[in-house]
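Have a look at the structure below before the remarks.
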Amino acid sequence: MESLRVTLAGGVACEVCGRLPHPRRLRLTFAKLVAVAPVELVLHAIVLAVHPPYLVSVAVLASVTTALVIWVVEPSTMRLLRTWLHAPKRRPRPGLDGLWRIRMTLDDRAGSLQRVARRLADVDANILGLHVHPIDHGVRDELVVSTPDAVNGAVLQALVEAAGGYDVHVWPTTALALVDGQTKALSLSARVVADPAELPHAVAELLGAQPVTDRATLAVPLPADGTTLKIPSPWTGLFAFVRPGEPFTPAESARAHRLAELAELATSRLLPRK
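Take any residue in the sequence shown, note its place counting from 1, add 17, and you have its number in the working numbering.
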C-alpha cells in the first residue's frame with residue numbers, strides 16, 4: 018500500500034519514510050479556492066434565481082455547500098492537484114550536493130572497500146554513511162555518498178564496478194538516510210511496542226522493502242533468489258516482503274524476525290487476562 022501511495026503521488030513522496038511533503042500555504046490556499054469557489058458561485062446563482070425565503074436560503078447554502086465541499090469537491094480537487102500541491106520546494110543544501118545510496122557486494126578481504134573509496138574520491142564523492150552486512154560469499158556494503166551535481170548514478174555504478182564491486186545498485190536518496198541504523202531500529206521498535214499492528218510497516222521501512230498483501234500470493238511458493246523474506250505474524254501466520262533486484266542479507270532477516278518477536282510479546286501483554 019505504501020508503494021502504491023508513492024506511485025499515485027507522482028513520485029514526490031520521501032523514498033525513506035514514504036510521506037508526502039507538507040503543501041506550502043500559498044498552494045494549499047489556491048487549491049481550496051479552486052475547490053470551493055465554483056460550488057459557491059453556482060449555489061448562490063441558483064438561490065438568487067429561485068429567491069426562496071431568507072431562512073431557507075441560509076439553510077440551503079450552509080448545508081449543501083458544506084456537504085459538497087467536504088465530501089465531494091475538495092477531496093477530488095486535492096487528488097487532482099496532489100503532485101503539484103505536494104511538490105517540495107527546491108532549496109540549495111549547503112554542504113550537501115547529490116545524495117546517493119549504493120549497495121554492493123565485495124570480496125571479504127583487506128583493501129576491497131579501500132579501492133572503492135579511492136574510486137569515489139576521484140570524482141569528489143564523499144562517503145557519509147556505511148553499513149556492512151556479512152553474507153555467505155563476501156560482504157554486502159551500503160554507502161550513503163554526497164557527490165557534485167555532475168556525478169549521477171550511472172557514473173557511481175561504473176566506478177564501484179571498476180573497483181571490484183558487483184551486484185551494484187545505486188539510488189538517489191535524502192538526508193534521512195543518514196540516520197544511523199541503530200537509531201532507526203530503536204525508533205521502529207518503539208512503534209511496534211506501542212502498536213503491534215505497525216509490524217509490517219515497520220519492517221518494510223527498516224529494510225526498504227514492499228509488503229506482500231495478497232493472501233493468494235502467500236499461498237504459492239515465492240522466488241528463492243533471496244529477494245523475498247517471510248517473518249511470523251502474531252495474527253495471520255506469516256508476513257512476506259519483497260525487494261526486487263536486492264536480496265535480503267542474513268543480518269536484515271535477523272532484524273525483521275526480532276521485530277516480529279517484539280510484536281508478539283507486545284500483543285500478548287495487550288490481550289486481556291482471564
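Note that CB positions come from ideal geometry on N, CA and C, so glycine has one too.
Shortest Cα-Cα distance from T200 to any of G181, V140 and L223 involves L223. Annotation for I248: the continuous beta strand (DSSP E) segment containing it runs T245 to S250. Judged by DSSP in its simplified three-state form, A207 adopts helix. Rounded to the nearest angstrom, the Cβ distance from V172 to L137 is 10 Å, too far for a contact under 8 Å. Taking 8 Å as the upper bound for CB-CB distance, D242 and P264 are in contact here, some 7 Å apart. The region 126-135 makes no contact with the region 72-82, as fewer than three CB pairs between them are under 8 Å.
Sorting P261, H274, A179 and G262 by C-alpha distance to the C-alpha of L255 places H274 at the top. Membership of I63 in the alpha helix (DSSP H) is indicated by the continuous run R42 to V67. Pairing L205 with P249, the inter-Cα distance amounts to about 17 Å.
Judged by DSSP secondary structure, E222 falls within the alpha helix (DSSP H) whose first and last residues are L216 to L224.
Taking C-beta separations shorter than 7 Å and ignoring five residues to either side along the sequence, the partners of D125 in its chain run G155 and V156, following chain order. For the pair P213 and T284, the CB atoms are nearer than the 8 Å cut-off.
Note that the region 145-152 does not touch the region 169-188; fewer than 3 beta-carbon pairs, one per stretch, sit closer than 8 Å.
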